[in-house]
Amino acid sequence: MNILEINNLNVSYGSKQVIKNLSMNIEKNKITAVIGPSGCGKSTLLTTLNLMIAENGGSFTGEILFKGKDILSYEIDYLRRMIGIVFQKSTPFPFSIYKNLTYAPKYYGIKDKNRLNEIVENILKRVGLYDEINKNLNMLATKLSGGQQQRLCIGRALTVEPEILLLDEPCSALDRKNTANIEEMLLELSKDYTIVVVTHNLSQAKRISDYTAFILDGELIEYDTTENVFNNPKDDRTREYIKGIYG
Ligand SMILES: Nc1ncnc2c1ncn2[C@@H]1O[C@H](COP(=O)(O)OP(=O)(O)OP(=O)(O)O)[C@@H](O)[C@H]1O
Ligand SMILES: [Mg+2]
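Each step along the sequence shown adds one to the number in this note's numbering, with nothing skipped, and position 189 is 183.
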């Protein structure tokens, strides 16, 4: 099932068009990687999918359907709950770990302390932090290591029970071990969530994604199973990119 359908999407900042007539469908409970050189429009695409684009000074034409309905027809708060985003430069809020994970649930009306504790515990387990930090929930979250902070940010996005997680370069600042941990976590999460991940790391796309979209200068050049994109690309530009010629 396609949880998202993007049809003829054009995105611009003022007079500058950044995404050009892009159409693609995102399959539910799969990991879709978005690759392409710096500046090709990957982050712009993600922010359009949960309607953050207007806040960033952009606008779009075309159609995006979430579960068959135009995203513009949903109430914006609900849409952003369902389609969570973790930005490239996400950092925890400068509060305790506990407060980072209860902030959104409280905002959405959960007051019961036991329920909040349960959410925190479940999320920490999901993102593989429980054993490491369950005894330090009052610690300032910004004191966690880089890898832990990234997992906490992904956990924080999960606290509102989204269906889709948009991740912009989740491992760009991490070493190999932390990257491997995050990749393992994403594979696990994809059983319950649909994940769209922007990555510069081609071997990461290869390792974890089911589908890969290659964007060049705002155009979707190739979109197929990851296996086909990497082993049997149809377009010469894809072939050159995955060989490392540009970007
Ligand atoms: N808020 C903005 N206002 C104006 N132009 C922007 C804005 N955000 C991005 N752009 C421009 O849109 C183009 C695409 O940017 P975007 O951030 O989507 O690229 P990207 O593929 O995510 O790049 P990177 O890999 O470096 O993160 C770039 O030319 C960028 O300068
Ligand atoms: Mg970007």
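Note that CB positions come from ideal geometry on N, CA and C, so glycine has one too.
Model, not experiment: these values are computed from the prediction.
Option in the options with minimal Cα separation from residue i
{"i": "P164", "options": "E157, P156, R145", "result": "R145"}
{"i": "M18", "options": "S139, L214, S203, D64", "result": "L214"}
{"i": "E155", "options": "Y72, P88, M133", "result": "Y72"}
{"i": "D162", "options": "N44, L45, K83", "result": "K83"}
{"i": "C147", "options": "T85, Y124, K129, K228", "result": "T85"}
{"i": "Q142", "options": "N132, E221, G122, T220", "result": "G122"}
{"i": "E115", "options": "L134, T136, K93", "result": "K93"}
{"i": "T96", "options": "N132, S67, I65", "result": "N132"}
{"i": "K137", "options": "H194, N50, N195, F89", "result": "F89"}
{"i": "M46", "options": "N128, V5, P227", "result": "V5"}
{"i": "I127", "options": "E157, I91, S67, E178", "result": "I91"}
CB contact flag (residue i, residue j, <7 Å)
{"i": "I117", "j": "T153", "result": "yes"}
{"i": "T41", "j": "F54", "result": "no"}
{"i": "G56", "j": "N2", "result": "yes"}
{"i": "I58", "j": "I104", "result": "no"}
{"i": "A48", "j": "A199", "result": "no"}
{"i": "I79", "j": "L160", "result": "yes"}
{"i": "V192", "j": "K36", "result": "yes"}
{"i": "D244", "j": "C34", "result": "Look at the range of the chain in this structure, -5 to 241, and you will see that residue 244 is not part of it."}
Between the CA atoms of residue j and residue i - distance to the nearest angstrom
{"i": "Y235", "j": "Y102", "result": "43 Å"}
{"i": "L(-2)", "j": "I77", "result": "10 Å"}
{"i": "E112", "j": "N225", "result": "44 Å"}
{"i": "G8", "j": "I209", "result": "21 Å"}
{"i": "G243", "j": "R231", "result": "Residue 243 is absent from the structure shown; the chain starts at -5 and stops at 241."}
{"i": "D204", "j": "V12", "result": "26 Å"}
{"i": "Y217", "j": "T38", "result": "17 Å"}
{"i": "R75", "j": "R170", "result": "31 Å"}
{"i": "K14", "j": "E21", "result": "21 Å"}
{"i": "G30", "j": "I189", "result": "17 Å"}
{"i": "S139", "j": "L181", "result": "22 Å"}
{"i": "I25", "j": "N172", "result": "19 Å"}
{"i": "A207", "j": "S184", "result": "17 Å"}
{"i": "L134", "j": "A167", "result": "20 Å"}
{"i": "A151", "j": "N222", "result": "31 Å"}
One or two residues paired with residue i in a DSSP bridge
{"i": "T26", "result": "V190, Y205"}
{"i": "D162", "result": "V192"}
{"i": "Q11", "result": "S6"}
{"i": "D169", "result": "In DSSP, D169 forms no bridge with anything."}
{"i": "T232", "result": "DSSP, once it has assigned bridges, lists no residue as partnering T232."}
{"i": "I20", "result": "L(-2)"}
If you scan the stretch 83 to 146 from start to end, which runs of the alpha helix (DSSP H) of 4 or more residues do you find wholly inside it? 91 to 101, 107 to 120, 124 to 127, all fully within the stretch 83 to 146.
At 4 residues or longer, what runs of the alpha helix (DSSP H) sit wholly inside the stretch 33 to 87? As far as the stretch 33 to 87 is concerned, its whole alpha helix (DSSP H) runs of at least 4 residues are 36 to 43, 70 to 76.
Beta carbon nearer than 7 Å to a non-hydrogen atom of ligand 4: The ligand content of the structure shown is limited to ligand 1 and ligand 2, which means ligand 4 is not among them.
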